[in-house]
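Here's the structure, in structure tokens; my notes come after.
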Amino acid sequence: MKPKIAVLVLGHGSREENSNLEFVSLVEAYSLTRPDLKISHAYVELAKPDIETALRDLGEEYSNIIIFPLFLYTSGHIKNDIPIVLDKIKSEFPGHIFKIANSLGIHSKMVSLLRKRAEECIPLSQEQSSKTGVIIVNRGSSDPDANGDFYKTVRLFQEGNHFSFVLPSFIGITSPLLPETLEMASKLRPEKLLVVPYFLFGGKLIQKISSLVQNFSEKFPWIKTELSSYLGPDPELFSVMDERIQDCISGKFSLPCDTCEYRAQLPGLSKKVGGLKALLWSIRHLETHNQVAPHLFPHRNLQKHIFVCENIDCASKGSSALVARMRSILKSNDRHLDFKISRSSCMGRCGEGPVVVVYPDGVWYQKVSVEDAEDLVSEHLLQDRLVSRLVDNIMQ
């Protein structure tokens, strides 16, 4: 019989085809365990099929559709991006039922899977554990709620063991970053150090973690340092997926913000999350990310065009040196052909400069100094992350 319910398993999406294939392989393996459901997949960004296209295709055949975000935690993509797309799809299929399931989140079986990956690398008797330090590494998020959930997962892992120490860390976006955590670990003098990537899939970030661990091992050869496998497909993971999907089908636990008109604004974080700004940020983020797919022409894409005000006020505060420094950093990273930095006349922000505007993102920065050039290039230009302390406005 044809399944009555369709489940769209949603991944982040990557420019690396191998990472996307790993995601598809996991979804296909899971679908074999649930013949009662129509299981398909899509991505939030950077890969095809995109969520909007996949939902529209499913809507032609199924009237009861569950969207299951295969993310470790509930962050901006789930809170904002999915509801934005779903709002459009609902208007096209007014008689359909669409629900958004919760992410994997904090779960005892995810903690159990984390322990399993650690034990595969180092047998963890109580005597050995007491001499072993552990660092658990997550990608990191601009959503403090997701970062807090990761900290709780790490703490639950620590509670059931006897390690010398267990430290949470991140490979990007937020702190503490892995290099800092490794340095801290070296001062705690463990006999062994185990680094566990809390990632569902491989890719460049796992390669970066591996490189940092290798460098640390060479610097501190007296500490036996090992890197465990990332989570990957596992019966424990499939069990949590089952639970999240079943909770959503039954109506017990579906994503609460799928019917939320506004988001709560957190003190001190108004430029990153909260209210209308979060929704506008998500719209811009989806649009700009989906525009950077490589085309078929032989010349390199110009990824962003940056304007720096050189009117008399901004010039007197160092905008010329800022332009030179940004260009120099891009060239040293061999990325100067991907970005164009242009000097601009007055942008109407006199007294707030130097002013920097990044297109097509529509992000305006104010009071930018030469010292900020490194962050603007490494964060926004090379990794598409806002330098929140400098943001003046985001155009839509």
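Okay, so the sequence shown: first residue is 1 according to my numbering, each after it adds one. Just so it is clear, CB atoms sit at the ideal spot from N, CA and C, and this is done for glycine as well.
Using the beta-carbon count (16 or more within 10 Å), is residue i buried or exposed?
{"i": "Ile135", "result": "buried"}
{"i": "Leu212", "result": "buried"}
{"i": "Tyr359", "result": "exposed"}
{"i": "Pro35", "result": "exposed"}
{"i": "Gly76", "result": "buried"}
{"i": "Tyr30", "result": "buried"}
{"i": "Lys79", "result": "buried"}
{"i": "Ala118", "result": "buried"}
{"i": "Ser270", "result": "For Ser270, the predicted model reports a pLDDT of 44, less than 50, meaning its position is unreliable; a value from the coordinates is still stated below. The residue in question, Ser270, is exposed, as its Cβ has fewer than 16 Cβ neighbours within 10 Å."}
{"i": "Leu32", "result": "exposed"}
{"i": "Gly160", "result": "exposed"}
{"i": "Lys219", "result": "exposed"}
{"i": "Lys2", "result": "exposed"}
{"i": "Leu386", "result": "buried"}
{"i": "Lys4", "result": "exposed"}
{"i": "Lys48", "result": "exposed"}
{"i": "Tyr230", "result": "buried"}
{"i": "Glu22", "result": "buried"}
{"i": "Glu45", "result": "buried"}
{"i": "Thr53", "result": "exposed"}
{"i": "Arg189", "result": "exposed"}
{"i": "Asp372", "result": "buried"}
{"i": "Ala293", "result": "Note on Ala293: pLDDT 46, under 50, position unreliable in the model; the coordinate value appears next. Classification for Ala293: exposed."}
{"i": "Ser319", "result": "buried"}
{"i": "Ala324", "result": "exposed"}
Tell me the DSSP secondary structure of residue i in three-state form.
{"i": "Cys346", "result": "coil"}
{"i": "Ser369", "result": "coil"}
{"i": "Phe404", "result": "Residue 404 is absent from the model: the chain starts at 1 and stops at 396."}
{"i": "Asp334", "result": "coil"}
{"i": "Ala42", "result": "strand"}
{"i": "Ser91", "result": "helix"}
{"i": "Arg327", "result": "helix"}
{"i": "Pro179", "result": "helix"}
{"i": "Asn102", "result": "coil"}
{"i": "Val7", "result": "strand"}
{"i": "Pro35", "result": "coil"}
{"i": "Glu352", "result": "coil"}
{"i": "Thr53", "result": "helix"}
{"i": "Pro69", "result": "strand"}
{"i": "Thr153", "result": "helix"}
{"i": "Pro221", "result": "coil"}
{"i": "Asn80", "result": "helix"}
{"i": "His380", "result": "helix"}
{"i": "Gly13", "result": "coil"}
{"i": "Ser320", "result": "helix"}
{"i": "Phe163", "result": "coil"}
What residues match up with residue i in a beta bridge as DSSP calls it?
{"i": "Trp364", "result": "Val357 and Asn393"}
{"i": "Ala29", "result": "None, per the DSSP bridge assignment."}
{"i": "Glu226", "result": "Leu194"}
{"i": "Asn20", "result": "In DSSP, Asn20 forms no bridge with anything."}
{"i": "Phe307", "result": "Ser342 and Val357"}
{"i": "Ala118", "result": "Bridge partners of Ala118: none, in fact."}
{"i": "Val137", "result": "Ser169 and Pro197"}
{"i": "Asn64", "result": "Ile97"}
{"i": "Thr132", "result": "Lys192"}
Considering only their Cβ atoms, is the gap separating residue j from residue i smaller than 8 Å?
{"i": "Val356", "j": "Ile312", "result": "no"}
{"i": "Lys304", "j": "Gly353", "result": "no"}
{"i": "Ala321", "j": "Val370", "result": "yes"}
{"i": "Cys309", "j": "Ser344", "result": "yes"}
{"i": "Ile100", "j": "Ile82", "result": "yes"}
{"i": "Leu193", "j": "Thr153", "result": "no"}
{"i": "Ala185", "j": "Thr74", "result": "no"}
{"i": "Val137", "j": "Ser169", "result": "yes"}
{"i": "Glu374", "j": "Ile329", "result": "yes"}
{"i": "Leu376", "j": "Val368", "result": "yes"}
{"i": "Ile106", "j": "Asp149", "result": "yes"}
{"i": "Val24", "j": "Ile39", "result": "no"}
{"i": "Ser239", "j": "Lys109", "result": "yes"}
{"i": "Leu104", "j": "Arg244", "result": "yes"}
{"i": "Tyr198", "j": "Leu337", "result": "no"}
{"i": "Ile173", "j": "Ile209", "result": "no"}
{"i": "Ser228", "j": "Glu120", "result": "yes"}
Report yes or no: is there a C-beta of chain B within less than 8 Å of the C-beta of residue i?
{"i": "Ser175", "result": "As a matter of chain content, chain B is missing from the structure shown, which is built from one protein chain."}
Note to self: I want to know whether the segment 56-65 touches the segment 130-148 - three or more CB-CB distances under 8 Å.
What the structure shows: no
Next item on the list: Pair every Cβ in the segment 379-396 with every Cβ in the segment 342-360, then say whether three or more of these pairs are closer than 8 Å.
Entry: yes
Margin query: Check whether the segment 5-24 and the segment 66-84 are in contact - that is, three or more C-beta pairs closer than 8 Å.
Written below: yes
Next item on the list: Spell out a yes or no on whether the segment 213-230 and the segment 79-92 are touching, meaning 3 or more CB-CB pairs, one atom from each, closer than 8 Å.
Entry: no
Note to self: Tell me whether the segment 186-205 and the segment 18-26 touch, counting them as touching only if at least three CB pairs, one residue from each stretch, are closer than 8 Å.
What the structure shows: yes
Check: Can at least three beta-carbon pairs, one atom from the segment 231-238 and one from the segment 112-124, be found at a separation below 8 Å?
Finding: yes
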